[in-house]
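Asker:
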Amino acid sequence: MRIGDLYPTRRELLKFGGLGLAGAAASGVWPLDVRAATTGKANPRGSARNVLYYEISGAISHVESWDFKENKGTPKDLAMRKLRDDLYMSDLLFPRLQKHMDKFAILRTLQSHEEVHFRGQYYVQTGRQLNLAFAKEIPAIGSVMAMELEERRRAADTFPSYMSFYLEKGAAGALSTGFLPPRFSVVDINPEVAVRGSRLDEKAVELLEERWRLLSKLRDAGRKSVAGFGKEMAGYGDFYETAHRLLTDSRWPEAFQIKEEDRKRYGNNPVGISAILARNVLAADAGTHYIHLCHPGWDHHVQIWDRSAGSNHYKLCAELDPALSSLMEDLSTMPSKHDPSKTLLDETLVVVMSEFGRTPGALNNMAGRDHYNPCFPALFAGAGVKAGKILGKTDREGEHTLETGWHHKVSPRIENVVATMFSALGFDWTKEIKNTPSGRAYPYVDALGPHGYIPTDEISSLYT
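In terms of the working numbering, the sequence shown opens at residue 2 and continues consecutively.
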C-alpha cells in the first residue's frame with residue numbers, strides 16, 4: 002500500500018474540520034486574560050457533561066408547532082391533538098414527537114435581536130449581534146465552550162470538544178474561533194460524506210505511523226524557521242495532531258458506522274444521519290461535549306403548506322419528527338459510560354430552537370410565512386430540566402408575549418439560552434476575556450442589546 006492510497010479516506014473524514022479553522026483570525030498566540038465577574042451573580046449548575054443544540058435553521062412556524070394558535074393560515078389537515086394544558090400538537094406533523102413532549106420543557110417567549118437569516122444564525126452561534134468592526138475576532142460559542150472544556154479533557158480523549166453536523170448548510174456556515182487558538186475550532190461533519198469513510202486496516206495504520214514519525218522529525222527540524230508565523234501555523238500543527246489521534250483511535254470510525262435499523266428510525270436523510278452521528282459521538286464519551294446539529298431549509302416565505310412545492314413544512318416536519326424523536330428515545334435509554342447509573346439524557350442538555358419564528362395569522366400573498374422575531378419557542382430537555390413545563394404565554398394569535406416565563410419583565414433572548422448552556426456545563430457565564438486583539442473586552446454573554454442593557458441570567462425557571 003502507498004501513502005497516497007490513504008489520502009481519500011483522510012480527506013473524507015477530516016476535511017470538514019477545516020471550515021472553522023479556515024476563518025480563524027491571523028494573529029499571534031498569547032495567554033488569554035480571563036476574569037470572572039466580581040459581583041458573584043453567577044452560580045453555575047454543573048448539571049450537564051454535554052450540550053446538544055438542535056438548530057431548526059430558517060425558522061419553523063411556531064403557531065403550528067410548539068405554540069399552536071388556530072388562525073386563517075392554519076392548514077385544515079393537521080389533526081391537532083391536545084396533549085396537556087394548552088399544548089396541542091399535530092398527529093400529521095409530529096406523530097412520534099408528541100409522545101416525547103413529556104421529556105421537554107417548552108419556553109414560548111424567546112425574543113431575537115435579528116430578523117434575517119445570516120445575522121440570526123450568526124447570533125445563534127456567537128450569542129451576540131453581528132458587528133462588522135469586530136466580527137473577525139468574535140469566536141463561536143462552541144469554541145468558547147471548547148476552551149473551557151480543555152481542563153476536563155482526559156488523556157484518552159481524542160474527539161474534538163466542539164463538533165457540529167451539517168452546519169455548512171446554514172446561512173452563516175461554521176464560524177471560526179475568532180481570537181481564540183484554532184485548536185478550539187469546530188469540526189463540522191457533512192453527514193452525506195462522513196458515512197462514506199472507511200476505517201484504516203492494520204497495515205494502513207502502520208504506514209500512517211511511519212509517515213507520522215517522519216513528518217514529526219521534519220516539523221521538529223523546521224520549528225525555529227516557522228516560529229514567527231504565529232497563530233495560523235500553530236493552528237495547522239494542532240490540526241495535524243488532532244487528525245493523527247483521530248485516525249488511530251478505533252472509536253472514531255466506529256462512531257460513523259450506521260445500522261440500517263437506525264436509518265429507518267431516524268430517517269435516511271442528512272438530518273436523520275446527523276442525529277445518529279451526534280448520538281454516537283456522545284455515546285463514545287471520547288472528548289466531545291458540545292454538539293451543534295443544523296437542520297437546514299426551514300425558510301418558507303412561499304407555499305409553506307403546499308405539498309406540491311419542492312420544499313414545505315410538511316416535508317421538513319417529516320424529517321424532524323423521526324430524527325428528534327429517535328434521538329430522545331435513545332438518549333433517554335442509553336447508559337452513560339461516565340456514570341452507568343445515569344442515561345445520556347441525564348447528563349446532556351438538549352436545546353431545540355430556530356433563530357426566530359415565522360409570522361403568525363393569515364399567510365402572506367405567496368401562501369407563506371415571513372420572519373418574526375418578537376416571540377418564538379424553544380424546547381429544553383435533560384440535565385436537570387424540569388420536564389413537562391410550559392413557560393411563558395403569548396396572545397391568541399401567537400403575536401405578542403403576555404407572560405415572559407421567567408423572573409424578568411422582559412422576554413428572554415438567545416443570550417440567556419447561551420448563559421443556560423454555560424451554566425449547565427458548570428462554567429461561569431459572567432467571565433470576560435480582557436486582552437482581545439481590538440482591546441475590547443469579550444464577555445461570554447454580552448449584556449449590551451440593541452436598545453440598551455439586557456439581563457444576562459440563565460433561564461432558571463427551566464429547573465424549578
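Beta carbons: idealized from backbone N, C-alpha and C, even for Gly.
Could you check whether V386 and L321 sit closer than 9 Å to each other, using their CB atoms as the reference points?
Answerer: Here residue 321 is taken as the residue at index 320 of the sequence shown, counted from 1. Here residue 386 is taken as the residue at index 385 of the sequence shown, counted from 1. No. Outside cutoff.
Asker: Mind checking which residues open and close the beta strand (DSSP E) that includes R252?
Answerer: Position 251 of the sequence shown, counted from the start, is the residue given in the question as residue 252. No beta strand (DSSP E) contains R252, which is instead part of the alpha helix (DSSP H) from 252-256.
Asker: For L84, I'd like the list of residues in its chain whose CB is within less than 8 Å of its CB, leaving aside the five on either flank, ordered along the chain.
Answerer: Locating residue 84 in the sequence shown gives position 83, counting from the first residue. Closer than 8 Å at the Cβ level, and outside the excluded window around L84, lie M90, Q99, M102.
Asker: Could you give the distance in angstroms between the alpha-carbon of D34 and the alpha-carbon of I139?
Answerer: Against the sequence shown, residue 34 aligns to sequence position 33. Against the sequence shown, residue 139 aligns to sequence position 138. Rounded to whole angstroms, D34 to I139 spans 15 Å at the Cα level.
Asker: Is G362 closer than 9 Å to G74 when the C-beta atoms are compared?
Answerer: Reading the sequence shown from its first residue, position 73 is the one you call residue 74. Reading the sequence shown from its first residue, position 361 is the one you call residue 362. Closer than 9 Å, so yes.
Asker: On the three-pair Cβ rule with 8 Å, is the segment 251-269 touching the segment 298-312?
Answerer: Not touching, per the Cβ criterion.
Asker: Taking the alpha carbon of G389 as the reference point, which residue from G453, A37, A106, K170 has its own alpha carbon closest?
Answerer: For this step, residue 389 is matched to residue 388 along the sequence shown. Per the Cα distances, A106.
Asker: Could you tell me the alpha carbon to alpha carbon distance between A420 and H408, rounded to whole angstroms?
Answerer: For the purposes of this step, residue 420 is taken as the residue at position 419 of the sequence shown. For the purposes of this step, residue 408 is taken as the residue at position 407 of the sequence shown. Distance between the alpha carbons of A420 and H408: 15 Å.
Asker: Give every residue of the same chain whose Cβ lies closer than 6 Å to the Cβ of S355, excluding the five residues on either side of it in the sequence, and list them in chain order.
Answerer: Here residue 355 refers to the residue found at position 354 when the sequence shown is read from its first residue. Counting only Cβ-Cβ distances below 6 Å, and skipping sequence neighbours, we find I57, A60, I61.
Asker: Give the DSSP-derived three-state secondary structure of K394 in the structure shown.
Answerer: The residue labelled residue 394 in the question sits at position 393 within the sequence shown. Three-state DSSP puts K394 in a strand.
Asker: So what's V303 in DSSP terms, helix, strand or just coil?
Answerer: The count along the sequence shown starts at 1 and reaches residue 303 at position 302. Looking at V303 - three-state DSSP - the assignment turns out to be coil, as it is neither helix nor strand.
Asker: Just mark S412 as buried or exposed, buried being the case when its beta carbon has 16 or more other beta carbons within 10 Å.
Answerer: Residue mapping note: residue 412 aligns to position 411 of the sequence shown, counting from 1. S412 should be labelled buried.
Asker: If you count every other CB in all the chains shown that lies within 10 Å of the CB of D86, and 16 or more means buried, which is it?
Answerer: To locate residue 86, count along the sequence shown from 1; it is residue 85. Exposed.
Asker: Express the C-alpha separation of Q122 and T465 in angstroms, rounding to a whole number.
Answerer: As a first step, residue 465 is located in the sequence shown; it is residue number 464 there, counting from the start. As a first step, residue 122 is located in the sequence shown; it is residue number 121 there, counting from the start. One C-alpha to the other measures close to 29 Å.
Asker: Give the DSSP-derived three-state secondary structure of K104 in the structure shown.
Answerer: Within the sequence shown, the letter at position 103 stands for residue 104. Helix.
Asker: Using a Cβ-Cβ cut-off of 6 Å (strictly less than) and excluding sequence neighbours within five positions of H291, which residues of its own chain qualify?
Answerer: As a working mapping, residue 291 is identified with position 290 in the sequence shown. Here residue 291 is Tyr; the residue named in the question, His, does not match the sequence. Once the five neighbours on either side are set aside, the close Cβ partners of Y291 are V52, G143, M146, Y163.
Asker: Go ahead and pull the three-state DSSP assignment for Y464.
Answerer: As a position in the sequence shown, residue 464 is number 463, starting the count at 1. Coil at Y464, not helix or strand.
Asker: Between the C-alpha atoms of C295 and A157, what's the straight-line distance to the nearest angstrom?
Answerer: Numbered from 1 along the sequence shown, position 294 holds the residue referred to as residue 295. Numbered from 1 along the sequence shown, position 156 holds the residue referred to as residue 157. About 28 Å.
Asker: Within this structure, are the beta carbons of R252 and A285 separated by less than 9 Å?
Answerer: Indexing the sequence shown from 1 puts residue 252 at position 251. Indexing the sequence shown from 1 puts residue 285 at position 284. Result yes, Cβ atoms of R252 and A285 sit closer than 9 Å.
Asker: Taking a contact to mean a Cβ-Cβ separation below 9 Å, would you say L328 touches Y267 in this structure?
Answerer: Taking the first residue of the sequence shown as position 1, residue 328 is located at position 327. Taking the first residue of the sequence shown as position 1, residue 267 is located at position 266. Result yes, Cβ atoms of L328 and Y267 sit closer than 9 Å.
Asker: Could you give the distance in angstroms between the alpha-carbon of D458 and the alpha-carbon of Y443?
Answerer: Translated into the one-based positions of the sequence shown, residue 458 becomes position 457. Translated into the one-based positions of the sequence shown, residue 443 becomes position 442. Approximately 17 Å, taken between the alpha carbons.
Asker: Excluding the five sequence neighbours on either side, which residues of its own chain have a C-beta within less than 6 Å of the C-beta of R370, listed in chain order?
Answerer: Position 369 of the sequence shown, counted from the first residue, corresponds to residue 370. Cβ within range, chain order: S62, I305, R359, T360.
Asker: How many Å lie between A38 and W430 at the Cα?
Answerer: Translated into the one-based positions of the sequence shown, residue 38 becomes position 37. Translated into the one-based positions of the sequence shown, residue 430 becomes position 429. Spanning the two alpha carbons is a distance of roughly 9 Å.
Asker: Just the C-alpha distance for T334 and V282, rounded to the nearest angstrom, thanks.
Answerer: Reading the sequence shown from its first residue, position 333 is the one you call residue 334. Reading the sequence shown from its first residue, position 281 is the one you call residue 282. Taking the straight line from one Cα to the other gives about 16 Å.
Asker: Should H314 be labelled buried (16 or more other beta-carbon atoms within 10 Å of its own) or exposed?
Answerer: What you label residue 314 is simply residue 313 of the sequence shown in a count that begins at 1. H314 should be labelled buried.
Asker: In whole angstroms, what is the alpha-carbon distance linking A173 and N365?
Answerer: Counting from one through the sequence shown, the residue named residue 173 turns up at place 172. Counting from one through the sequence shown, the residue named residue 365 turns up at place 364. Computed Cα separation, rounded: 26 Å.
Asker: Taking its Cβ as the centre, do 16 or more other Cβ atoms sit within 10 Å of A25, making it buried, or is it exposed?
Answerer: For the purposes of this step, residue 25 is taken as the residue at position 24 of the sequence shown. For A25, the predicted model reports a pLDDT of 41, less than 50, meaning its position is unreliable and no value from the coordinates is stated.
Asker: Can you tell me which of M148, V117, W67 puts its alpha carbon nearest to the alpha carbon of I434?
Answerer: Within the sequence shown, residue 434 is the residue found at index 433, counting from 1. Cα-wise, what sits closest to I434 is M148.
Asker: May I ask you to report which of helix, strand or coil DSSP gives Y315?
Answerer: On the sequence shown, residue 315 is found 314 positions in, with the first residue counted as 1. Note: Y315 maps to helix in three-state DSSP.
Asker: Mapping DSSP to helix, strand and coil, what is A147?
Answerer: Within the sequence shown, residue 147 is the residue found at index 146, counting from 1. It is helical.
Asker: Start and end of the beta strand (DSSP E) containing F180?
Answerer: On the sequence shown, position 179 is the one that residue 180 refers to. F180 -> no beta strand (DSSP E), and no H or E assigned at all.
Asker: Do you know offhand how far E152's Cα is from Y445's?
Answerer: Numbered from 1 along the sequence shown, position 151 holds the residue referred to as residue 152. Numbered from 1 along the sequence shown, position 444 holds the residue referred to as residue 445. One C-alpha to the other measures close to 17 Å.
Asker: Excluding the five sequence neighbours on either side, which residues of its own chain have a C-beta within less than 6 Å of the C-beta of L94, listed in chain order?
Answerer: In the sequence shown, residue 94 corresponds to position 93, counting from 1. Contacts found: C318.
Asker: Is D87 helix, strand or coil by DSSP?
Answerer: Looking up residue 87 in the sequence shown gives position 86. Coil.
Asker: Could you tell me the alpha carbon to alpha carbon distance between D447 and D347, rounded to whole angstroms?
Answerer: Here residue 447 refers to the residue found at position 446 of the sequence shown. Here residue 347 refers to the residue found at position 346 of the sequence shown. Taking the straight line joining both Cα atoms gives about 29 Å.
Asker: Output yes or no for whether 9 Å exceeds the beta carbon distance between T402 and Q112.
Answerer: Indexing the sequence shown from 1 puts residue 402 at position 401. Indexing the sequence shown from 1 puts residue 112 at position 111. In this structure, Q112 lies closer than 9 Å to T402 by Cβ.
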